[in-house]
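One line per chain: the protein sequences are A and B, in this order.
Start counting the first sequence at 1; every next residue gets the next number (this note's numbering).
Start counting the second sequence at 1; every next residue gets the next number (this note's numbering).
From the three backbone atoms N, C-alpha and C, an ideal C-beta is built for every residue, glycine too.
Okay, so here's the structure we're looking at.
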Amino acid sequence: MNAPTLWIIFPLFLGILLLFITNQRVLSVLGGFIAVALALIAQFVPIELAMKLGPLSLKIDSSLTVLGRVLLIQPTEGHLLALIYGAAALWFFGAEASKVAPKIVPIGFMVIALLVASIAVEPFLYAALFIETAILLAIPMLTSIRKPPGRGVLRFLIYQTLAMPFILLAGWLLAGVEASPGDLALAAQSAAMLGLGFAFLLAIFPLYSWIPLLLEETSPYLVGFLLWILPTMTLIFGAGFLDRYSWLRSSSQLIVGLRTIGLLMVVTGGAFAAFQRHLGRVMAYGSIAETGFSLLALSLDFKIGIPILFLLIPARALGLAVWSLSLTILGEHVETMRFDAARGILRLTPLAGAGMVVATLSTGAFPLLAGFPARLALWEGLSRISIGSALWMMIGIIGLLVSAFRSLAVISVAEEYTSWEPRESPTQMLMLGLGMIGLFLLGLFPQSVQFMLANLPLMFERLGR
Amino acid sequence: MLILVTVTILFVTALVLLVLQFAAQGFRYNWLVAAGGAFLAWISVFFWQLQMPLALQFPAWQPALLFAQSPTFVGDELAWMFAVSLATLCLAIILTAVVRIDFPRPINWIGTLILTALGILAVVADNPLTLVLIWAALDISELIAQMRVVEDPQLNERVIIAFASRAAGILVLLWAGMVSLANGQMLDFRQAPPQVGLYLVVAAGLRVGVLPLHLPYSTESTLRRGFGTGLRLISAASSLILLARIPLSSLASPLTPYLLILTSLAAIYGGWMWLRAPDELNGRVYWLIGMSSLAVAAALRANPIGAAAWGCAIVLIGGALFLSSEPNKWLLRALFIGAWGVSSLPFSLTATGWNSTLPSSWLVWLVWPLRISAQAMLLAGFIRHSQRTITRVSNEDQPIWARNVYPIGISLLLGTTILLGLFGWSGALQLGNFFVEVPVALLTFGLLSLTPRLRVLNPVRAHWVRPANPSWLDWIYRALWNLYRQLRRVSDGISNVLEGESGIMWTLLFLALFISFFTQRNP
């Protein structure tokens with residue numbers, strides 16, 4: 001048994017097999033439990049260490065060679081896999097409530113497996129191919145054979161695909177930099193290529209126009225899943241570059257660039273969210289701001305920046321899951337998610353409405369909610385360096401909070417004496433209730449996820465040490 | 001530990017009532033359970049005195065590298081004053097509930113118990129992080145409570161505006177922490193750099209509607225006596241505790257006198273509107289604004305004890321007035337104790353309200369008459385509202401036990417007012433400032449005697465059901481809304497460009513511009 005087989009090849013083939021099951025509940029429960037099992041194994045069974053189970057000896061090898069290339073999952077990456085598959089379980093369990101289980105569970109497994117492969121593959125140049133394959137696999141999830149793909153899907157495909165040549169070129173140039181470290185021009189070129197590649201992958205301003213478009217035309221739950229997994233894995237992949245190349249890590253220009261772009265994402269995400277008149281688009285800009293927060297974390301001193309980056313991940317996963325599930329449920333009861341159509345919907349879907357508002361507030365760093373502790377630490381780290389940057393971050397946060405208040409106002413202001421008639425199904429109520437409790441628990445006890453996060457920086461050799 | 005005892009009693013009582021509400025709908029002793037829990041909690045607060053200062057530490061936030069502070073609570077003198085006021089208010093609300101038309105209404109008692117527990121946690125918060133967490137919990141609880149009952153769309157909007165303004169207060173407190181860190185110091189209630197103090201005052205002022213002056217609840221017809229009183233007063237007390245926690249060293253700012261002017265103007269506005277309010281419930285928001293302004297002014301004059309005293313007066317004396325609903329002549333007379341409590345006269349609760357250790361500039365002297373007038377108007381309004389019997393309903397048709405229990409609730413509030421004025425904290429039992437007490441008393445008598453003669457002092461008409469007419473505050477809201485719409489047009493324009501048919505070309509153009517901009521800045 002080896003780790004790549006367990007966490008890459010098995011989920012990949014499992015996803016293919018699950019394509020043949022169409023029952024929402026079976027898929028949701030089966031997918032959820034398998035993801036939980038994979039997460040538990042990753043968390044508790046050490047890699048490259050023999051475990052005695054009575055007469056049996058169990059050891060998970062860290063590498064697998066395929067066609068001369070190596071898929072290598074380091075023992076220190078077990079916690080990351082636990083986090084990724086644990087969060088995936090969350091999405092899969094919620095799939096039944098959102099009624100998209102036949103799409104999200106099988107393809108979700110495959111996408112996650114490919115993105116894990118992108119981190120595990122050596123040489124890393126091949127990561128771009130795995131990411132591209134994952135993106136191509138996501139297209140059937142977002143489209144239907146009954147109607148032509150919308151503009152958002154096409155933009156998503158175009159922008160994400162454009163990332164691949166830049167990453168490949170960067171990889172090629174970086175090999176040259178390793179060979180001749182004194183060649184500054186080559187280093188600058190490779191950094192520029194790398195920057196462009198990640199700008200497309202992470203949907204950096206102004207390359208994020210596909211996100212709001214996608215949320216207008218596709219199920220929010222499916223888009224939410226992609227908005228969680230793609231940036232999360234890309235950021236870890238990107239942090240790997242910083243870990244590997246000392247000249248990149250020590251470049252003050254890169255740090256300033258990351259901070260500027262992070263603030264740009266937070267401010268534009270927050271400001272645009274505040275001006276939207278479509279509930280889905282508010283979520284789109286919220287997720288853009290989320291990516292901005294992560295970039296800001298990377299711009300801090302790595303000793304605190306890397307723990308903040310990892311602390312942002314569970315909050316993002318849970319927040320987006322609750323947000324997108326809530327929007328999907330709200331969408332079942334309104335024609336469109338434009339503000340004028342969603343007026344007063346809180347009286348029909350109180351839990352979904354509450355879930356949406358709570359998730360928006362969490363993204364906006366409202367205290368007591370999951371997003372708050374990480375953002376507080378980030379904000380404090382930023383204000384130690386530059387109070388001006390901290391002020392810009394506050395502007396972004398204000399925008400996000402305004403969007404939450406506006407959304408709340410829209411869904412709660414009903415005609416006078418409209419009665420409360422909840423129409424959510426028991427499954428939907430259960431999932432939303434659990435999700436919201438989770439958001440509050442993470443906000444009040446951020447230490448509750450430390451058993452998973454504390455050792456995550458160990459996956460890097462130099463970052464965060 | 002004793003903090004936990006009090007809070008646990010309140011939460012457990014609320015939980016028991018909640019379970020009974022769903023599991024045993026015919027249960028007849030809900031009120032007894034609520035009153036028992038509130039009574040035990042009230043008694044337990046007095047036991048704090050045996051071990052003060054009390055400390056309570058929640059599990060520390062991890063990783064410790066990122067979080068220098070964790071939720072921590074301390075029950076000291078100031079916190080005890082507020083805690084006993086809140087526990088008394090809670091008990092009084094439940095005791096006086098027996099004569100309300102909608103009795104029994106366990107859901108309101110559950111709300112009151114939970115809010116009181118959160119309020120007590122807020123007043124014992126030992127650091128800004130703990131305070132913002134509890135504030136957030138209170139705001140969410142209040143939002144849910146309001147959403148449940150409000151039907152009118154405009155009132156609904158007001159509820160959200162109120163929530164937003166409180167969230168703004170939270171944000172300002174957090175920002176104060178950032179400014180403190182930028183100056184190399186973690187914000188704490190014991191020490192803070194001079195740049196931070198005003199942010200703390202503004203945070204508390206925003207939450208109670210004083211700085212800048214705004215009325216989140218200009219009318220409230222749905223939540224009146226009982227639960228509505230608890231909601232307003234507990235929320236105010238939990239915000240005003242911050243004023244009592246501001247480190248004195250942090251208030252030395254050249255902007256302080258200007259904030260004092262703004263606060264005094266808010267006090268005048270609150271006092272004037274309170275004096276002319278048709279009744280105490282319609283004027284409740286102005287009572288809060290006026291009294292809170294005096295508390296903020298005390299904090300700006302580096303008088304945290306005074307700010308705490310004004311805060312307790314809001315809860316105890318306001319609570320006694322807003323819960324009074326019977327034209328009982330003994331209770332009407334007893335309410336004069338409340339008037340004494342607000343008067344700053346010797347040995348009263350607010351006798352310390354005008355103390356100051358800061359040197360006074362001419363600007364500070366300038367606002368003295370404003371503050372004195374505001375206090376006189378608040379006092380005159382209190383006396384007028386407390387002695388009016390038109391809106392009161394006789395309890396004659398109530399059972400004998402209810403008629404006997406109801407006055408206990410009001411008396412407890414007034415009794416605690418006396419108790420705190422005499423023994424509330426180590427600096428209690430003060431003569432106060434005669435240069436304020438005498439003019440306030442004279443002005444109050446003058447206003448009371450002129451009220452029947454001058455039309456301008458007569459009450460304005462009540463708006464029972466519909467929201468108030470547009471005021472100058474609405475004009476400000478409208479101006480802000482217009483600005484927002486202009487900005488939205490810009491945002492829509494950018495979105496249309498980037499998401500339109502030619503969006504990809506525009507995006508790549510922007511990208512090229514950004515790259516050239518950055519490469520020029522960083523050669």
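- Scanning chain B for C-beta atoms nearer than 9 Å to the C-beta of Met-394 (chain A) yields Leu-171, Leu-174, Trp-175 and Met-178, reported in chain order.
- Contact residues of the segment 298-314 of chain A toward chain B are Lys-303, Ile-304, Pro-307, Ile-308 and Leu-311 (C-beta to C-beta distance below 8 Å).
- Shown here, Thr-65 (chain A) sits in a strand according to DSSP, grouped into three states.
- Contact holds between the segment 161-174 of chain A and the segment 185-198 of chain A, because three or more Cβ pairs, one in each stretch, are under 8 Å apart.
- The shortest C-alpha to C-alpha distance from Ser-361 (chain B) to any of B:Pro-254, B:Arg-158, B:Leu-89 and B:Trp-80 is the one to B:Pro-254.
- Taking 8 Å as the threshold, the shortest C-beta distance from Phe-434 (chain B) to chain A does not fall below it.
- With a cutoff of 8 Å on beta-carbon distance, Leu-327 (chain A) and Met-283 (chain A) are scored as near each other.
- Taking the CA atoms as reference points, Ser-325 (chain B) sits about 6 Å from Val-393 (chain B).
- Interface residue (Cβ-Cβ distance to chain B less than 8 Å): Gln-450 (chain A) is classified as such.
- Contact of Val-123 (chain B) with chain A is not assigned, every C-beta pair being separated by 8 Å or more.
- Nearest in C-alpha terms to Leu-294 (chain B), of all of B:Val-201, B:Trp-401 and B:Thr-72, is B:Val-201.
- Taking CB atoms only, Asn-108 (chain B) has no neighbour in chain A less than 8 Å away.
- Taking C-beta atoms as the reference points, Arg-423 (chain A) and Leu-348 (chain A) count as a pair closer than 8 Å.
- Segment contact: the segment 37-52 of chain B against the segment 136-146 of chain B, fewer than three CB-CB distances shorter than 8 Å; contact not assigned.
- The DSSP-derived three-state label of Ile-308 (chain A) is helix.
- Under the Cβ distance rule, Pro-128 (chain B) does not count among the residues neighbouring chain A, no pair being separated by less than 8 Å.
- Just so you know, the alpha carbons of Phe-366 (chain A) and Ala-341 (chain A) end up roughly 27 Å apart.
- Within the same chain, Cβ atoms closer than 6 Å to the Cβ of Ala-38 (chain B) are found at Cys-90, Leu-91 and Ile-94, the five residues on either side in sequence being excluded.
- With respect to Arg-281 (chain A), Glu-332 (chain A) sits apart: the two C-beta atoms are not nearer than 8 Å.
- What Gln-62 (chain B) touches in chain A, judged by beta-carbon distance under 8 Å, is Pro-446, Gln-447, Gln-450 and Ala-454, going in chain order.
- Residue pairing of Gly-286 (chain A) in beta bridges, as defined by DSSP: absent, with no partner found.
- Annotated three-state conformation of Asn-2 (chain A) is strand, per DSSP.
- Interface with chain B (8 Å Cβ-Cβ cutoff): Ile-255 (chain A) is excluded.
- The beta carbons of Met-81 (chain B) and Gly-424 (chain B) sit about 5 Å from each other, so the pair counts as a contact at 8 Å.
- Apart from sequence neighbours up to five positions away, the residues of its chain that approach Arg-284 (chain B) with a beta-carbon distance below 7 Å are Arg-232 and Phe-322, ordered along the chain.
- At least one beta carbon of chain B lies nearer than 8 Å to the beta carbon of Ile-387 (chain A).
- Taking the CA atoms as reference points, Asn-458 (chain B) sits about 32 Å from Ile-408 (chain B).
- Taking the Cβ atoms as the reference, Val-436 (chain B) lies roughly 6 Å from Ile-372 (chain B), within the contact range of under 8 Å.
- A Cβ-Cβ separation of about 6 Å places Leu-330 (chain A) in contact with Ile-345 (chain A) under the 8 Å criterion.
- In this structure, the alpha-carbon of Ala-409 (chain A) lies about 16 Å from that of Val-334 (chain A).
- Remark: C-beta atoms of Met-147 (chain B) and Gly-271 (chain B) do not approach each other more closely than 8 Å.
- The C-beta of Ile-158 (chain A) comes closer than 8 Å to at least one C-beta of chain B.
- Relative to the Cα of Leu-295 (chain A), the nearest Cα in the group A:Ile-437, A:Met-110 and A:Phe-205 belongs to A:Phe-205.
- Assigned with DSSP and collapsed to three states, Lys-99 (chain A) falls in coil, not helix or strand.
- Considering only A:Thr-22, A:Gly-305, A:Leu-378 and A:Leu-64, the residue with the shortest C-alpha distance to Val-100 (chain A) is A:Thr-22.
- The CB of Ala-409 (chain A) comes closer than 7 Å to the CB of Glu-157 and Ile-160 in chain B, given here in chain order.
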